[in-house]
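Asks:
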Amino acid sequence: MGYKHITSHRQEILAVSWSPRYDYILATASADSRVKLWDVRKASGCLITLDQHNGQKSQAVESANTAHNGKVNGLCFTSDGLHLLTVGTDNRMRLWNSSNGENTLVRNFKNFHLLNIN
Numbered sequence: 152m153g154y155k156h157i158t159s160h161r162q163e164i165l166a167v168s169w170s171p172r173y174d175y176i177l178a179t180a181s182a183d184s185r186v187k188l189w190d191v192r193k194a195s196g197c198l199i200t201l202d203q204h205n206g207q208k209s210q211a212v213e214s215a216n217t218a219h220n221g222k223v224n225g226l227c228f229t230s231d232g233l234h235l236l237t238v239g240t241d242n243r244m245r246l247w248n249s250s251n252g253e254n255t256l257v258r259n260f261k262n263f264h265l266l267n268i269n
């Protein structure tokens, strides 16, 4: 099996996650503010680019087809693979429906602090 090169992102890829539901689906997060879902079995590959505006026209052209307003530096699928959680340098967490790409939840975490409990 040959390797495929992901060329659709405009800047470096910062995080990747395999779907626990479908072993051929890969999610990538990038410094270009985009999150893409890929079917690694296909040459064309990219299934969808997640859009924080859910297809609605945004005020700024540069935010069209972007998942965050800044770098996307983390992502993971839920254990059932039905949703994808992304985090970005815009201090937001977003929850996406992984089958249709709909942005279902947004939370600001700028002032959110995690407790380290040992």
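As numbered in our numbering, residues 152 to 269 make up the sequence shown, in order. All residues carry an ideal CB built from backbone N, CA and C; glycine is no exception. These numbers come from a predicted model, not from an experiment.
With H, G and I counted as helix, E and B as strand and the rest as coil, what does DSSP make of Arg172?
Replies: coil
Asks: May I have the straight-line CA-CA distance separating Arg258 from Leu198, to the nearest angstrom?
Replies: 25 angstroms
Asks: When DSSP builds the beta bridges, which residues end up paired with Ser249?
Replies: BP columns for Ser249 are empty, so no partner.
Asks: Output yes or no for whether 8 angstroms exceeds the beta carbon distance between Gly221 and Asp241.
Replies: The answer is yes: Cβ separation under 8 angstroms.
Asks: If we ignore side chains and look at the alpha-carbon of each, how far apart do Leu177 and Ala166 end up?
Replies: 11 angstroms
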